[in-house]
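Here my numbering is used: the first residue of the sequence shown is 4, the next is one more, and so on.
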Amino acid sequence: MEVQGKVKMIGETQTFGSNGFRKREIVVTTEEQYPQHIMVEFVQDKCDLLNTFQVGQDVKISINLRGREWVNPQGETKYFNSIQGWRIESLQQAAPVASAPVTPPAADAFEPATDFSEEEHDDLPF
């Protein structure tokens with residue numbers, strides 16, 4: 004699955020626990036009739052993918068939806084969802100390559116017809 008939009012926020016890398024679990028969040032605003040602010044998390048080595056991106060940039064993020072179940076101390080079961088990114092691409096177009104300017108033909112390249120006669124019958128339909 005993919006999410007496309009404009010980068011609204013890029014968070015700092017957070018480290019949790021003694022095992023060094025890393026997480027970094029990015030918020031992308033979709034460009035549709037009702038824009039949505041979608042938070043996507045990148046974990047472990049994928050955190051570094053966000054280093055080259057900036058707020059305001061148009062991006063496409065490849066995502067996986069993750070879900071988990073948790074039972075609280077009172078015995079109630081709760082469900083949580085997360086959106087996990089695994090690839091991010093810039094949608095900015097590269098600067099156009101300057102091409103050679105188009106030179107109009109020289110004025111003397113075309114010569115008017117000199118053998119044209121008004122009396123000649125023209126069989127063109129227009």
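The beta-carbon is built from N, C-alpha and C at its ideal position, and this holds for glycine as well.
| Check | Outcome |
| --- | --- |
| Taking the alpha-carbon positions, what's the Asp51 to Phe45 distance? | 9 angstroms |
| Can you name the residues that DSSP bridges to Thr18? | Arg25 |
| Residue range of the beta strand (DSSP E) that Thr9 falls in? | The question names Thr, yet the displayed sequence has Lys at residue 9. Lys9 -> beta strand (DSSP E) spans 5 to 13. |
| Could you tell me which uninterrupted beta strand (DSSP E) segments, each at least 3 residues in length, are contained entirely in the stretch 22 to 94, listed from first to last along the chain? | 24 to 32, 40 to 46, 61 to 74, 80 to 93 |
| Whole angstroms is fine: what's the gap from Gln7's alpha carbon to Leu53's? | 15 angstroms |
| Using only CA atoms, which one of Glu28, Gln39, Glu35 lies nearest to Ile91? | Glu28 |
| Which residue's Cα is closest to the Cα of Lys9: Phe19, Gln39, Gln17, Glu15? | Gln39 |
| Do you know how far the Cα of Asp61 is from the Cα of Leu94? | 5 angstroms |
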